[in-house]
Amino acid sequence: MCRTGGVPDPAETGDEASTDAAFTALLEDSAEDLYESAPCGYLSTMMDGTIAKINTTLLDWLGLDREAVAGRKRFADLLTIGGKLYHETHFAPLLRMQGELRGIALDMRRQEGGPLPVLVSAVIKRGSEGEPLLIRITVFDASDRRSYEKELLRRREEAERARAEADEARRQAEADRARLADALAVLQRSLVPDSLPAVPGLESAVHYHTASPDQLGGDFYDLFPVAGGRWAFFLGDVCGKGPEAASLTSLTRYTLRAAAHHDPDPASALTTLNAVLHERYTGDGNPRYCTCIFGIVEPGGEHGPTTVRLASGGHPPALVLRSDGRAEFLPTPGGLLIGVLPSAPIGTAETVLAPGDTVVLYTDGLTEARMGPGRDDLYGEDALHAFATDHAPASPHELITALTGLLESFGDGLDDDTALLALGVPAAPSLISPSTSHTS
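Numbering (this note's numbering), first residue to last: 125 to 564.
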């Protein structure tokens, strides 16, 4: 502070004087000392590269004596082999052409400790006539920067290697998944017939939707001849998915075929299947079961009715589309899941198909498809009945095509396997269409 009247305080005047003196002392370094002890390396060379002057900083970095360098070595002699090559092919030609270079990365040779990474800037000093006199070079220690760059490079290489490994793993997984899907598709086709046989006096159509290509489905169906000009057919759904479901499906399908040839009564065939499944799976404490609807159809030809007899073990009822535009379920009450009990009750039903009538069997993937914004509502049998009424009358091919479109409309709401099998009497008996099949 100043006293009144602007007279400086004696103590304050002394402090300021001391500070100014200390600051002035700091600035009294000679130019030579600033050159020799600079935080970077300095050297000057003749135009041929011979070192004329070099500062202490650079000599200390390289572990050299001034007497062994000044007038005895060229700048290129201080560089590593790679640095020399770059100096001769790029650095020196560019410097002569441009007159200056800035921030060139080079490696200098140290007496001990390996190469020293540096950044070099150089400028040609010229005379009054523009003639080149000497080269002034500034050298910055880039060890920390080089280490940082190496670390970045190492991490980038690690990331690229990890990405390549992840890409390879993904490609391998995709290839494995494709092979698995192909194998599952082949196995799936072995569990259901490739196509339906042509049945005299009847049309037939089928559709099979697999919910997941990565898992074997549990739905099954078949159509085959039995004695007396009759035809047996069945459709069902085993519990579970995957290999165990496939094993159960295979056993179920071949058991029903054998049972039908032995006794073509629908209830008898399901009773045999129930006994086989219960004996095979219940004893090991891992009961397996299925729902199934089994039928026998006797085509009437041109002069008689076509009779269909059905038996069901816990399966959704068959649906008949009549030629007059009606649609009706064929209830089979009382039927229990096949394989759960030693003796399971079987529900039965019988109907006659007139020309233009079609009967369709389906698994519960259709009626249990989820609808609505939250996928909280099931499609249900009432909606299916209304759908069938809207499409009646319809041939088996027309009906399966319509139902396939319905399944596709559910999108991700259809999360279960679904099988459809339709049999019908042609409206014009003389025009019998071949069987059709659809798989998705």
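All residues carry an ideal CB built from backbone N, CA and C; glycine is no exception. Predicted model, so just to flag it, every value in this text is computed and none were measured.
Item to check | Distance, Arg280 Cα to Ile259 Cα | outcome: 38 Å
Item to check | Anticipated Cβ contact below 8 Å, Ala478 with Ser447, distance rounded | outcome: 6 Å
Next on the checklist: So for Ala551, helix, strand or coil by DSSP?
Outcome noted: coil
Checklist entry - So, helix, strand or coil for Phe348, using DSSP? => result strand
Checklist entry - Would DSSP call Lys365 helix, strand or coil? => result coil
Item to check | Where Thr334 falls, given that 16 or more other Cβ within 10 Å makes a residue buried | outcome: buried
Checklist entry - If we ignore side chains and look at the alpha-carbon of each, how far apart do Leu485 and Glu292 end up? => result 46 Å
Next on the checklist: Helix, strand or coil for Val464? Go by DSSP, reduced to three states.
Outcome noted: coil
Item to check | Presumed contact (8 Å Cβ cut-off) between Thr373 and Leu315, rounded CB distance | outcome: 5 Å
Next on the checklist: Taking only three categories from DSSP, how would you classify Leu544?
Outcome noted: strand
Checklist entry - By how many angstroms is the C-alpha of Asp361 removed from the C-alpha of Leu340? => result 12 Å
Item to check | For Gly206, three-class secondary structure by DSSP | outcome: helix
Next on the checklist: So if DSSP puts Pro256 in a beta bridge, which residue, or which two residues, is it bridged to?
Outcome noted: Arg250
Checklist entry - Roughly how many whole angstroms lie between the Cα atoms of Pro423 and Val476? => result 10 Å
Checklist entry - What residues in its chain sit with their C-beta under 7 Å from that of Ala552, if we drop five residues either side in the sequence? => result none
Next on the checklist: Which same chain residues end up closer than 7 Å to Pro558 when comparing Cβ atoms and leaving out the 5 residues on each side of it in sequence?
Outcome noted: Any reading at Pro558 must be qualified, since the residue scores a pLDDT of 48, below 50, and its modelled position is unreliable; no value is offered.
Next on the checklist: Beta-carbon within less than 7 Å of Phe357's beta-carbon, same chain only, minus the 5 sequence neighbours each way: which residues are those?
Outcome noted: Asp346, Leu347, Gly419, Val421, Leu545 and Leu547
Item to check | Phe418, enclosing beta strand (DSSP E) - first and last residue | outcome: Cys414 to Glu422
Item to check | N- and C-terminal bounds of the alpha helix (DSSP H) containing Ile524 | outcome: Pro520 to Ser533
Checklist entry - Hey, would you say Val244 sits closer than 8 Å to Ile261, going by beta carbons? => result yes
Next on the checklist: Across the region 182 to 195 and the region 219 to 236, are there enough close Cβ pairs to call them in contact, namely three or more that are closer than 8 Å?
Outcome noted: yes
Next on the checklist: On the DSSP bridge list, what partners appear for Met495?
Outcome noted: Asp501
Next on the checklist: Need the endpoints of the beta strand (DSSP E) that Cys160 sits in, please.
Outcome noted: Correcting the residue type first, residue 160 is Glu in the shown sequence and not Cys. Note, Glu160: premise wrong, no beta strand (DSSP E); alpha helix (DSSP H) at Ala155 to Glu160.
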